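Undergrad:
In our numbering, the protein residues as written are 55 to 234.
(1) If you reduce the DSSP assignment to three classes, tell me which class residue 182 lands in.
(2) Cα-Cα, which of 124, 112 and 108 is closest to residue 100?
(3) By DSSP's criteria, residue 226 is part of a beta bridge. Which residues make up the other side?
(4) Closest to residue 227 by CA distance: which of 127, 79 and 155 is it?
(5) Hey, residue 166 and residue 148 are a contact pair by Cβ (cut 8 Å); roughly how many whole angstroms apart?
(6) Which residues does DSSP pair with residue 202 in a beta bridge?
(7) May I ask you to verify whether the region 109 to 119 touches the region 204 to 217, counting CB pairs closer than 8 Å and requiring at least 3?
(8) Out of 146, 129 and 109, which one is the CA nearest neighbour of residue 177?
(9) With distance defined between alpha-carbon atoms, name the residue in 217, 157, 188 and 194 nearest to residue 224.
(10) In terms of DSSP beta bridges, what is residue 131 paired with?
(11) Compute the Euclidean distance between the alpha carbons of residue 140 and residue 121, then round it to the nearest angstrom.
(12) Is residue 107 buried or exposed, if buried means 16 or more other CB atoms sit within 10 Å of its CB?
(13) So, using beta-carbon positions, are residue 193 and residue 146 closer together than 8 Å?
(14) Is residue 187 helix, strand or coil by DSSP?
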């Protein structure tokens, strides 16, 4: 049933169903304080937010853009945090796997065979992977493949393949992104 339909079965709650907050876990941006985002999620039928936080997204040309990453029980959303505008929605079923390095860095790639892939950076990458696994397990009873390697390829755009390489160096991790 769409979330916008109002049914007043629970007389004990002072909140009307259409006004109820979407259930959230790992919500680092306080989704309920972003009415335009909650409206988008309700319109799409999402009922549970498994992860929400600001991340950095790398464009096909290599630029970094600030985005809000939202992982729900149905889809993955990328929202422009300055204007709370939806930039991209990806159905969970379209996500094939996640790639990340074996080192202590903040990068992960979300591989989507039917579209272009995503390279993002977040200090909460383990929580993001956990949320993806929860979402895919709930939606389809399969666990998402998570591949760890210090070198992997991703499709940065429909016609652009890039390779990302990680190397442990004194004081941290050196990351190189190369066009193939």
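Glycine included, C-beta positions come from ideal geometry on N, C-alpha and C. What you are looking at is a predicted structure, and each value in this text was computed from that prediction instead of being measured.
TA: So, to answer that:
(1) Here residue 182 corresponds to residue number 128 of the chain shown, with the count starting at 1. The three-state secondary structure of residue 182, taken from DSSP, is helix.
(2) Counting from one through the chain shown, the residue named residue 100 turns up at place 46. Nearest option by C-alpha distance: 124.
(3) On the chain shown, residue 226 is found 172 positions in, with the first residue counted as 1. DSSP links residue 226 through a beta bridge to 223.
(4) Residue numbering aside, residue 227 sits at position 173 when the chain shown is read from its first letter. If we check each option's Cα against that of residue 227, 155 comes out closest.
(5) Translated into positions along the chain shown, residue 166 becomes position 112. Translated into positions along the chain shown, residue 148 becomes position 94. With a Cβ gap of about 5 Å, residue 166 and residue 148 count as contacting.
(6) Your numbering for residue 202 matches position 148 in the chain shown. BP columns for residue 202 point to 154.
(7) yes
(8) As a first step, residue 177 must be located in the chain shown, where it is residue number 123. Here the closest residue by C-alpha is 109.
(9) Here residue 224 refers to the residue found at position 170 when the chain shown is read from its first residue. The shortest Cα separation from residue 224 among 217, 157, 188 and 194 belongs to 157.
(10) For the purposes of this step, residue 131 is identified with residue 77 of the chain shown, where counting begins at 1. Beta-bridge pairing links residue 131 to 124 and 143.
(11) In the chain shown, residue 140 corresponds to position 86, counting from 1. In the chain shown, residue 121 corresponds to position 67, counting from 1. Whole-angstrom Cα-Cα distance: 10 Å.
(12) Residue 107 sits at position 53 when you count from the first residue of the chain shown. By the 10 Å Cβ count, residue 107 comes out buried.
(13) One-based indexing of the chain shown puts residue 193 at position 139. One-based indexing of the chain shown puts residue 146 at position 92. With contacts defined by Cβ atoms closer than 8 Å, residue 193 and residue 146 form a contacting pair.
(14) Residue numbering aside, residue 187 sits at position 133 when the chain shown is read from its first letter. Helix at residue 187.
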